[in-house]
Amino acid sequence: MKKLTGLLLALVMLLSLAALAPVALAEDTAAPAEETAVEAVSEDAAPEAETAVEAVVEAAQAVDETVEAAIEEAEEASGGFLDGVAKVNDAVNGVVWGVPALILLAFVGVLMTALTKVFQLSHIKHWMGKTIGAVFHDKHVTGHTQDKSISQFQSLCTALAATVGTGNIVGVAGAIMVGGPGAVFWMWVIAFFGMMTNYSENVLGIFYRRKNSHGEWSGGAMYYLRDGLGSYKGCKQIGKVLAWLFSLFCLLASFGIGNMTQVNSISGNMQTAFGVPTWVTGVFVMIMVGLVVVGGLKRIAAVTEKIVPFMVILYMVGSIVIFFTNIAQVGAVFSAIFKGAFAAKAAGGGIVGYGIKLAIEQGMKRGVFSNEAGLGSSVMVHSNSNVREPVKQGMWGIFEVFADTIVVCTLTAFSVLSSGLVDLTTGETVAEYGGVALTKANLVSTVFSIRFGWIGSAFIAISIMLFAFSTVLGWSHYGTKAAEYLLGEKRTIPYRILFVLLVFGGAVMGDNLAWDLADTFNGMMMIPNLIGVIALSGVVAKITKNYINRTFHGSAEAPLYSAFPDIQAEQEARTDIED
């Protein structure tokens, strides 16, 4: 309670200083006599001010105790209901994340890699130069737009805001604790092939996007399912049904992966690191999310393009410090990863063969949770880019997965595996450290505290707060687009209100149930999207070949910008962009 009171008072003081700063600056030229008078008045008012502060502290304590008691009563009353939800979720989760679904996920990545002739490797210099390399010299990539679209860099930042989240910290920790070090190997595998899945989604998103009545691009799996798959003979109704199902599942997923799990991680870490009650964090984050989400995509993009680069670099610096500190462990860590990927037994023992199953399952599930390749989610913001070449936006999809999983998740994994908290021989994580039980929520925080002390715990709490907050912002757009498709443009406001209110629910919800629900919603939206990518794989291959022929072989063939003649003509006539 003391920590909470101190934090609240500090916030009040900072806000007061911020509010008074302009006034103070404006009055710098005031006469000395005025300053003396003000000081005298301030001294006279000191006792009253102290009394007011004491009253604020007492009121804060009373509110804290009342709210915590109410939450405890609500949890007791809803215990049976949540148990029922958990049982139903377990049954559905077993289907959508069963072996057939994982095979489908891997198959799509392998298929698109083959059809594009391993584009992610064969043209790595090109896509690196057209994505992160272009940020530093191409104004068309970073320049803000005057219309309803956003820049390529803003689309990446908003997409990364949704993907680089708690999955990169809490998700990786959970994968290692359950699947052992070998889970990291399967995260890499699914990411390598997932690059081309994400690429394909973005290519199709740009190719089949349309503009709504507000002049804003609307694209995503629902549109290439309806207008792409649905254009095939006898598939019109199938395309419409799958598009509707995807939008529904996306709506549900936005409350899980894009909301409750993220805020749950924020509140848990703020409570551990600073002693802030979960409900206080819930109220604060709910207000902040509401202020941004109400401004729509342009405001979301404006915020994320500032937060994302800062938070990723900040987290990478901390992880790289641990990497070089534990560099002697590199050989042992990578050996454990490769051996664990094919271990007959699970971490800590178990049935022969179960270890490989757990490593693959955890690696793939957490990998997809982190980079979202195969979900068809990030394409909804990539489709708002001011780009006209589908392949160009597809390359941003490749970089998105690369940055999220190959870079950030790997740094997290090395930090955990080199910490001494995981037995690299058995793959088992120690049960507790410093008298505190280790869970996926506090494992990485503990790792950083071992190296940096309490600053390490605070660093991870702040990193998770930034990661999760940005994820919530990105997913609010995804859910809004799904609501727009299902209910119409005028009915997205009720969705946004509900999305913001559920932020508080995520803050006080149980840890395991929040993550389990997110897993299920992910799988439910993944299946119709992957069906669409497979059905339209030939379209992706054709567009890619067209781009490669024009870019690398000097072909004069007409570019493929859109499936719709009017949009194709509009894009061809543009003079505000260079390809």
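In case it helps, the numbering used here puts the sequence shown at residues 312 to 890.
From the three backbone atoms N, C-alpha and C, an ideal C-beta is built for every residue, glycine too.
Our contact map puts residue i next to residue j with C-beta atoms below 8 Å; I'd like the distance itself, whole angstroms only.
i	j	result
GLY642	ALA494	Actually they do not touch by this definition, with Cβ atoms about 19 Å apart.
SER726	ILE633	5 Å
ILE717	ALA502	6 Å
PHE430	TYR510	7 Å
ALA793	SER558	4 Å
GLY790	TYR806	6 Å
VAL692	HIS788	6 Å
ALA652	PHE418	ALA652 to PHE418, Cβ: 19 Å. No contact.
VAL733	ILE487	6 Å
Would DSSP call residue i helix, strand or coil?
i	result
TYR913	An answer regarding residue 913 cannot be provided, because it is not within the stretch 312 to 890 covered by the chain.
ARG861	helix
GLU883	helix
TRP408	coil
THR442	coil
GLY790	helix
LEU749	coil
HIS916	In the structure as shown, the chain begins at 312 and stops at 890. Residue 916 is therefore absent and cannot be evaluated.
LYS398	helix
LEU711	The question names Leu, but residue 711 in the sequence shown is Glu. DSSP places GLU711 in helix when its eight states are reduced to three.
ALA670	helix
ILE480	coil
PHE653	coil
PHE875	coil
CYS546	coil
ALA363	Residue confidence is low: ALA363 scores 45 on pLDDT, short of 50, so the model does not pin down where it sits. Its coordinate-derived value is still stated next. It is helical.
THR427	coil
ALA684	coil
MET820	coil
GLU868	coil
LEU432	helix
GLY586	coil
SER558	helix
GLY491	coil
SER848	helix
ASN637	coil
SER689	coil
GLY420	helix
GLY764	coil
GLY539	helix
GLY843	helix
GLY505	helix
GLY579	helix
GLY785	helix
VAL623	helix
GLY799	coil
Whose C-alpha, out of the options, is nearest the C-alpha of residue i?
i	options	result
PRO911	ALA417, ILE804 and PHE815	Only positions 312 to 890 of the chain appear in this structure, which leaves residue 911 out of reach.
TYR519	GLY526, GLY530, TYR510 and HIS525	GLY530
THR721	LYS703, VAL574, PHE645 and ASN400	PHE645
THR583	SER730, LYS544 and ILE766	ILE766
ASN948	SER630, SER848 and VAL702	Only positions 312 to 890 of the chain appear in the structure, and residue 948 is not among them; the question remains open.
GLY764	ALA779, GLY745 and PHE778	GLY745
MET506	ILE854, ALA639, ALA652 and ASP715	ASP715
PHE595	ASP394, LYS676, HIS434 and GLY817	GLY817
GLY490	ALA554, LEU669 and VAL481	LEU669
ALA769	ASN580, LYS617 and VAL747	ASN580
ASN697	TRP438, ALA880 and ARG885	ARG885
VAL690	ARG699, THR592 and GLY708	GLY708
LEU536	ASN637, ALA639 and MET837	MET837
SER866	TYR872, ALA874 and LYS856	LYS856
SER756	GLY482, VAL396, LEU422 and SER873	GLY482
GLU800	MET498, LEU416, VAL407 and TRP528	TRP528
LEU728	ALA647, ILE618, THR424 and GLU795	ALA647
LYS853	THR427, VAL407 and VAL410	THR427
LEU686	LEU562, TYR796, VAL603 and GLU883	LEU562
For residue i, which beta-bridge partners are listed by DSSP?
i	result
VAL733	THR740
ARG677	ARG677 is not bridged to any residue.
TRP528	LYS522
Establish whether the CB of residue i and some CB of chain B are separated by less than 7 Å.
i	result
ASN523	Although the question refers to chain B, the structure presented lacks it and comprises just one protein chain.
Are three or more beta carbon pairs between the segment 827-838 and the segment 562-576 nearer than 8 Å?
yes
Quick one: any contact between the segment 530-545 and the segment 733-740, if contact means 3 or more CB pairs under 8 Å?
no
For the 8 Å Cβ check, are there 3 or more pairs between the segment 549-567 and the segment 839-859?
yes
Does the count of Cβ pairs from the segment 770-790 and the segment 619-630 closer than 8 Å reach three?
yes
Under 8 Å, with one C-beta from each stretch per pair, do the segment 508-523 and the segment 749-764 reach the 3-pair mark?
no
Is the segment 678-686 in contact with the segment 520-529, if contact means three or more CB pairs nearer than 8 Å?
no
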